[in-house]
Amino acid sequence: MRNPEQLYLYLVTDPLLCGSRGVVETCRLALGAGVGALQLRDKNASTRELIQMAVILQNLCRRHRALFIVNDRVDVALATGADGVHLGQDDMPVLLARKILGPDPVIGASARSPREAESAWKEGADYIAANLIFPTDTKTDLGEPLGTEAVTELKKVSPLPLVAIGGINASNADIVRKAGADGIAVVSAIMAAEDVPDVVRALLKGRSKPGRT
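Laid out in structure tokens, this is it:
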């Protein structure tokens, strides 16, 4: 991918956590405060609803020069001209997604083992997401948390940027980054925050250089 620094702080949407403020306003505040990558994730939305939201969020991301990713849905990413797609182990294989999307779009792949991470790299992924690091209510179907040791282990098996996700907030972000994560992906820490810009600034604290191009 052209600018891995965009993954330094990566927001994943959740329409329930942001309440009456809504997804669009929450994302607008987060992007304005420095989030470099945004993933549209809504397991309950229809295809039409996803497309409508993707168009809005893509425009926001372009305005803030941030990366826009669609969770799971290669068709929605392709139809809306998203920057890329993020795939879990039960989604379309990375190799097939790359054939459909072509060489330019970003493909992220979740991994919970070195074997999965190495496979995603060899099939053409652009980054790996270590999923899940700490306990969180937003991901309840993945078994036991991996802990920061997994970040170190997964980082060893491929040259790709590694993003850590799951229960990460301002109090533990440094620990995850010191374990080897190139970026952290957050859901509730930002989506449910009362003061979104303040939380984003806390999560960006200590960053040595900007991630925008």
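Sequential numbering from 0 applies to the sequence shown in our numbering. For every residue, glycine included, the Cβ atom is placed at its ideal position computed from N, Cα and C. Here the structure is a predicted model, which means the values were calculated and not measured.
For residue i, does the count of other Cβ atoms within 10 angstroms reach 16, so buried, or fall short, so exposed?
i: GLU4; result: buried
i: LEU66; result: buried
i: LYS154; result: buried
i: ASP71; result: buried
i: GLN51; result: exposed
i: ARG176; result: buried
i: PRO158; result: exposed
i: GLY35; result: buried
i: GLY107; result: buried
i: ASN130; result: buried
i: PRO102; result: exposed
i: ARG62; result: exposed
By alpha-carbon positions, which one of the options ends up nearest to residue i?
i: GLU24; options: ASP71, PRO102, LEU56 and ALA149; result: LEU56
i: ARG20; options: VAL199, VAL195 and ARG206; result: VAL195
i: VAL199; options: GLY31, ARG114 and ILE132; result: GLY31
i: GLY33; options: VAL75, LEU131, LEU10 and ALA96; result: LEU10
i: VAL93; options: LEU77, LYS121 and SER112; result: LYS121
Can you name, in chain order, every residue of its own chain whose Cβ lies under 8 Å from the Cβ of residue i, other than the five neighbours on each side?
i: LEU202; result: LEU8, ASN168, ALA169, ALA172, ILE183, VAL185, ALA188 and ILE189
i: LYS204; result: ALA169
i: ILE174; result: THR147
According to DSSP, simplified to helix, strand and coil, what is residue i?
i: GLY31; result: helix
i: ALA172; result: helix
i: VAL156; result: coil
i: GLY18; result: helix
i: GLN38; result: strand
i: VAL75; result: helix
i: ASN70; result: strand
i: ILE217; result: In the structure as shown, the chain begins at 0 and stops at 212. Residue 217 is therefore absent and cannot be evaluated.
i: ILE189; result: helix
i: SER118; result: helix
Considering only residues of the same chain and omitting the five flanking positions on each side of residue i, which have a CB-CB separation below 6 Å?
i: ASP41; result: PRO14
i: CYS60; result: LEU37 and PHE67
i: PHE133; result: PRO144, GLY165 and GLY166
i: LEU16; result: SER187, MET190 and ALA191
i: ASP125; result: MET0, VAL105 and ILE106
Under the assumption that residue i contacts residue j (Cβ atoms under 8 Å), give the Cβ distance between them as a whole number of angstroms.
i: PRO104; j: GLY83; result: 5 Å
i: VAL69; j: THR46; result: The Cβ separation is near 11 Å, so there is no contact.
i: GLU115; j: GLN88; result: 6 Å
i: ILE127; j: LEU161; result: 5 Å
i: LEU39; j: ALA53; result: 6 Å
i: ALA110; j: VAL150; result: Contact doesn't hold; Cβ gap of about 11 Å is too wide.
Going by beta carbon distance, what residues of the same chain come within less than 7 Å of residue i, once the five residues before and after it are set aside?
i: VAL73; result: VAL84, MET91, ALA96, ILE99 and LEU100
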